[in-house]
Amino acid sequence: MKNTFLNGRIIVDGYLYEDVLFDVAGNNLRVCFDGKGGVSKYLSVLTGKNYTSRSVLTLYKNRERVGAYTKKNVRMAGRTQEITVFGEGFEMEIKQFITKEDRAIFIEMNFSVDEPTEFTLLYGIGSAVGIPTMSFGQTGFRFVRLDFGGEVELKSIVAESYILRKPIVYKYDGQDSVIRKIYQTAKRTVDLCAPKGYVWDGIKRDRLVWIGDIHPEMLALTTLYGRMKEIEQSLDFVKNQTPLPGWMNGFPMYSMWWIIIVADYYKRANAYDFTERQIEYMQGLILQMNSCVKDNGQLNYPFYFVDWPTHNQPDEILGARAINIIAIKKAIDLLTEFGQSTHLATKLLDRLQKVPILPTQSKQVTALKYFALGYLSEEDKQNLLKGGAKGLSTFMSYYILKAIASFDKEQAVKIMKEYYGAMLDKGATTFWEDFDVEWANKSCRIDEFPKDNQKDIHGDFGDYCYKGFRHSLCHGWSAGVIAFIKEECL
845 MKNTFLNGRI
855 IVDGYLYEDV
865 LFDVAGNNLR
875 VCFDGKGGVS
885 KYLSVLTGKN
895 YTSRSVLTLY
905 KNRERVGAYT
915 KKNVRMAGRT
925 QEITVFGEGF
935 EMEIKQFITK
945 EDRAIFIEMN
955 FSVDEPTEFT
965 LLYGIGSAVG
975 IPTMSFGQTG
985 FRFVRLDFGG
995 EVELKSIVAE
1005 SYILRKPIVY
1015 KYDGQDSVIR
1025 KIYQTAKRTV
1035 DLCAPKGYVW
1045 DGIKRDRLVW
1055 IGDIHPEMLA
1065 LTTLYGRMKE
1075 IEQSLDFVKN
1085 QTPLPGWMNG
1095 FPMYSMWWII
1105 IVADYYKRAN
1115 AYDFTERQIE
1125 YMQGLILQMN
1135 SCVKDNGQLN
1145 YPFYFVDWPT
1155 HNQPDEILGA
1165 RAINIIAIKK
1175 AIDLLTEFGQ
1185 STHLATKLLD
1195 RLQKVPILPT
1205 QSKQVTALKY
1215 FALGYLSEED
1225 KQNLLKGGAK
1235 GLSTFMSYYI
1245 LKAIASFDKE
1255 QAVKIMKEYY
1265 GAMLDKGATT
1275 FWEDFDVEWA
1285 NKSCRIDEFP
1295 KDNQKDIHGD
1305 FGDYCYKGFR
1315 HSLCHGWSAG
1325 VIAFIKEECL
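Numbering (the working numbering), first residue to last: 845 to 1334.
Written out as structure tokens, the structure reads:
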């Protein structure tokens, strides 16, 4: 399990502590400071393997454990300290925590919702890369209810919105009201996923830099804003946290998405200086990919992933091959642009193309084939059109819609409106981690309680790591549709 160390600041009992070290290890966030502006050198490694549904807080004073979280208070050195507990996961507000003379403290915090730990336990991979939010008491809600034990008088209730605010360079100004609503909702989605200098999932989930997710987010953000530090910092961060021979987020295909993002971002943002710094790592990554492709073109990676609806399905490895080809083709273009040798990458591409990509059912893999090879068979076209919006996923929606638009733009726009419009009809104010249009049958809106014989559109669906209420209703990878709207809905 990787550790991530970042500097930040924290206010405790009115005292400002600069240069605080935030340490993420598995499903634990730890904060370490000594009260003098320095950073304690004491760091123990927490593996995060004790995956439970209960939140735990442990306090350390002068590196010795002095108390543990119990219900709604923490007992330390004979004093009860106040904390605030928020719904899913655990965050806190510190009051009257320590005196001016006795400020050395070590805080360990365990979260109840932890995707890195779940991946370690279920899939044997555990190198997800996280960034702490640098603040305590920061949580989020879609709906909120306040309960009081008796009669109270309220002066005010304050909530603050954390959302990206930048001047836009593109706005949909067309007359189609459904497309306009899709654009606005997708923009709000990706804005909520990039407010803190990095690109990650919305407030509900793990706030990790899942680098594969960022390609459709990059398409959306560069369409809206042009060049962005949030994208560059995310690409740099995950690269620095994944020394070779590691795979980004534990997914070999996500390392390939990193190549694709760097290459496409270079073209879309004209980021020469940033891209130049990525070439050396990219060359090492190509060498690593080369060792995973046999002479006959067969793949030999430790793990395969396209998106969740295709996971462990018959077409998944074909989709992985397509991602390999897309990445290597874009790497060859970049290496040529920057005057580097393409010999190894070209040989690798030749081997990858020895095995044909013949998807049998997956629209996602069929679309990736189009992006990899530049053509579709008649069978591929029929597969993409079959059932309209059935079989789409939010992550792969941009690629599927673009593949359809290559031979029938009118149908592509119609399917986009059917798919994203169904989420809007169910009350979406941001777009979701995943959505199957069949979920809309006999289910309630997200802002309603289910009636008799109705399914809960949030609680009763989902799969894999996003079952039930863990399913994120604000996921940036769903926003790639913004780029599609600009390119195909003029």
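Glycine residues also receive a C-beta, built at the ideal position from the N, C-alpha and C atoms.
Whether residue i touches residue j by CB criterion (8 Å)
i, j, result
"Y1242", "G1324", "yes"
"K1234", "E1292", "no"
"P1060", "F1239", "yes"
"T1210", "T1033", "no"
"L1317", "I1290", "yes"
"Y1145", "A1164", "yes"
"A1256", "A1266", "no"
"V1199", "G1141", "yes"
"N1092", "I1055", "In the sequence under discussion, the amino acid at residue 1092 is Met, which differs from the Asn named in the question. Yes, the pair counts as a contact, with Cβ atoms nearer than the cut-off."
"Q1197", "I1169", "yes"
"I1201", "L1220", "no"
Selected residue, minimal CA-CA separation from residue i, among the options
i, options, result
"Q1208", "L1178, K1246, P1096 and D1108", "K1246"
"M1097", "T1274, N1134 and Y1148", "Y1148"
"E1120", "G1046, K1173, G1306 and L1079", "L1079"
"A1113", "R1071, N1084 and D1139", "R1071"
"I1244", "D1151, D1194, Q1298 and G1312", "D1151"
"C1333", "L1052, F1313, R1024 and Q1132", "R1024"
"K1040", "G1018, I1058, I1012 and E1074", "E1074"
"A1284", "P1294, E1277, I1301 and A1038", "I1301"
"I1326", "R989, D1017, V996 and F987", "D1017"
"I1007", "F987, C1037 and K1330", "C1037"
"Y1110", "T1066, A1272, I1130 and D1304", "T1066"
"A1189", "L1131, N1227 and G1183", "L1131"
"L1236", "L1217, A1272, W1276 and I1201", "W1276"
"E1254", "F1182, E1331 and Y1219", "E1331"
"H1155", "F1328, C1309 and W1321", "C1309"
"V1002", "P1011, F985 and V1013", "F985"
"D1194", "I1201, D1139, L1220 and E1160", "D1139"
"N1134", "F1118, N1084 and L1192", "L1192"
Secondary structure of residue i, DSSP reduced to three states
i, result
"K1299", "strand"
"V1034", "helix"
"L1394", "The requested residue 1394 is not part of the displayed model; the chain covers only 845 to 1334."
"L1131", "helix"
"L1192", "helix"
"L1334", "coil"
"V1082", "helix"
"V1137", "strand"
"S1316", "coil"
"L1220", "coil"
"L1287", "Note that residue 1287 is Ser in the sequence shown here, rather than Leu. If DSSP states are grouped into helix, strand and coil, S1287 belongs with the strands."
"L1052", "strand"
"M1260", "helix"
"D1252", "coil"
"N1227", "helix"
"I1169", "helix"
"E1004", "coil"
Straight-line gap, residue i to residue j (C-alpha atoms, nearest Å)
i, j, result
"Y1026", "S1185", "The question names Tyr, but residue 1026 in the sequence shown is Ile. Their backbone Cα atoms lie some 43 Å apart in a straight line."
"P1153", "L1068", "28 Å"
"V1043", "P1158", "31 Å"
"P1203", "L1162", "7 Å"
"G994", "S1000", "17 Å"
"E1222", "H1319", "33 Å"
"M1126", "I1103", "7 Å"
"V1137", "H1187", "16 Å"
"I1176", "D1108", "13 Å"
"G1232", "D991", "45 Å"
"I1172", "I1123", "13 Å"
"G1306", "V1106", "31 Å"
"K1261", "M1100", "30 Å"
"R1314", "F1251", "37 Å"
"N1297", "V988", "26 Å"
"T1029", "A1272", "8 Å"
"V1022", "G1312", "28 Å"
Neighbour-count burial assignment, residue i, 16 or more Cβ in a 10 Å radius
i, result
"L1088", "exposed"
"R1009", "exposed"
"Y1116", "exposed"
"S1287", "buried"
"T1180", "exposed"
"Q1019", "exposed"
"D1045", "buried"
"Q1226", "exposed"
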